[in-house]
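**Q** Going by this note's numbering, the first residue of the sequence shown is number 3, and it counts up by one from there.
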Amino acid sequence: MNINAIKESINNGKLDDIFRKLTVIDQQSFSRSRWLMLIDEFSRYFSETDIFGFSAPGRSEIGGNHTDHQWGRVLAAAVNLDTIAVVAKNNSSLINIRSKGFDIKAVDIKKLSVCDDEKHTSEALIRGVCAGFAEKGYAIGGFNAVMDSQVLPGSGISSSAAFEVLLGQILSDLFNDSMVDHKTIALVGQYAENEYFKKPCGLMDQMTSAVGGVVFIDFNEPNQPVVEQVDFDLNKAGYALCLVNTGGSHENLSDAYAKMPQEMKDVARYFNQPVLSKITMKQFLEHLPQIREHCSDRACLRAYHFFRETDRVIEQKNALINNDLSTFLRLIITSGQSSYMYLQNVYMPEDIEFQPIAVALALSQHILIDGGYRVHGGGLAGTIQAFVKLEQVFEFTTAMEHVFGVGCTFDLAIRSIGSVQVF
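#1: For residue 26, which residues of its own chain have a beta-carbon under 6 Å away from its beta-carbon, when the five flanking residues on both sides are left out?
#2: Which runs of the beta strand (DSSP E), 3 residues or longer, sit entirely within the segment 123-163?
#3: Any chance the segment 73-91 sits against the segment 47-65, with 3 or more Cβ pairs inside 8 Å?
#4: Identify which residue in 256, 247, 316 has its Cα closest to the Cα of residue 358.
#5: Classify residue 107 as buried or exposed, calling it buried when 16 or more other Cβ atoms lie within 10 Å of its own Cβ.
#6: Tell me, which residues are paired with residue 422 by DSSP?
#7: So, does the segment 284-294 touch the segment 259-273, judging by three or more C-beta pairs under 8 Å?
#8: Here's the rule I'm using: 16 or more other beta-carbon atoms within 10 Å means buried, otherwise exposed. How should residue 268 be labelled?
#9: Taking the alpha-carbon positions, what's the residue 328 to residue 105 distance?
#10: Answer with yes or no whether the minimum CB distance from residue 21 to chain B is below 9 Å.
#11: Here's the rule I'm using: 16 or more other beta-carbon atoms within 10 Å means buried, otherwise exposed. How should residue 292 be labelled?
#12: Mind checking which residues open and close the alpha helix (DSSP H) that includes residue 2?
#13: I want to know whether the segment 214-234 touches the segment 161-174 - three or more CB-CB distances under 8 Å.
#14: Starting from residue 230 and walking both ways along the beta strand (DSSP E), at which residues does that stretch end?
#15: Which parts of the segment 21-93 are runs of the beta strand (DSSP E), unbroken and 3 residues or longer, counting only runs that do not cross its ends?
#16: So residue 9 is in the alpha helix (DSSP H); what residue range does that whole segment cover?
#17: Would you check if the segment 209-218 and the segment 184-199 touch, i.e. whether three or more CB-CB distances between them fall below 8 Å?
#18: Which residues mark the beginning and the end of the beta strand (DSSP E) in which residue 101 is found?
#19: Please report the distance separating the alpha-carbon of residue 412 from that of residue 196.
#20: Nearest by alpha-carbon distance to residue 160: which of 401, 388, 407, 381 is it?
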């Protein structure tokens, strides 16, 4: 659409309905100014006047901590913090992206093979998503884009997945008549992160960002995951979903994250299986003495976490469907305890004097008599997740800010739609 027509539509409130779906709560004034500023920024860098707008949400993992990469089950929710882009085709083979805080080089998609010197860069994700589309027979093309993200790196709501899914949505809508489904977009995002970015990861982050809402996913058949949306309104139940940024960051932890799936797969290999979902808890326990001869005790504990956690996800889903909030919150706490004791992703063993996540969990236990709390997402650093009674949000926020600083705690709303073309 013409850039001036889009700006007029935004100013006249014609896009307020879609903005409301993206932010969930009433933030029309903020949304209008955010998109208008991004359009103006696009005009400063690029000359195209026929533009498009896209959004992909971050996600909050609710259950299934580090189960997806073992083809297990997860429960997650798309949230109202997103990455947005103003985009225009440029009729070339170059993808040019400008994003605040990132120095992203132009990517020439004539070359789709892996570039080793792009490891852990945005360029790797761009090239990888395009390669994934091309391998599946979809069209790709060059475009110019300016992006703005509320899904900050290290925030625990998956900035990389939102970026990957956003790229996939752009390619689907600009070059494939919007015919690429959300599952495929998620799978391509995972492929880009694993093969090009060189970070082993499961599919939960990408699938939740692409699909939207509260999502139950069973990855037992990873190329055809079972995806169910769960109808649940946390606010109506009297609770807020809060994240606390404890001051650590997920950045520069790729090797430590990689050890979690690697060690779980070490146990699976004892059974000549690729992942733990192909093994039962009964088999694991029967062979535990022999497994310990081949694998570390930490690998065994992480495997034990997987078996309990992937089953717990079904219990969590059923609790939400039945509006059994007390059971759901009990399961949230049990999940967090398992991550702490068995998965061991609450702090870095190389830096035991720095344990901000553990401190935040201790404070949560002290404050939230009728709430839930757990490490959030990848762990090791970053955020915790807490389910807080609405009347306790101020008390909880005040206590956390006293320890971790003003602005460390923020409320999230669950967004019902995933990645989408906005205009």
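Beta carbons are placed, not taken as given, at the ideal position from N, Cα and C, and that holds for glycine.
**A** On the basis of the data shown:
#1: 82, 415, 417
#2: 145-151
#3: yes
#4: 247
#5: exposed
#6: 57
#7: yes
#8: buried
#9: 46 Å
#10: Included in the structure is just one protein chain, with no chain B present.
#11: exposed
#12: Within the shown structure, residues of the chain are numbered from 3 to 425, placing residue 2 beyond reach of any answer.
#13: no
#14: 228-231
#15: 54-65, 75-91
#16: 5-13
#17: yes
#18: 96-101
#19: 30 Å
#20: 381
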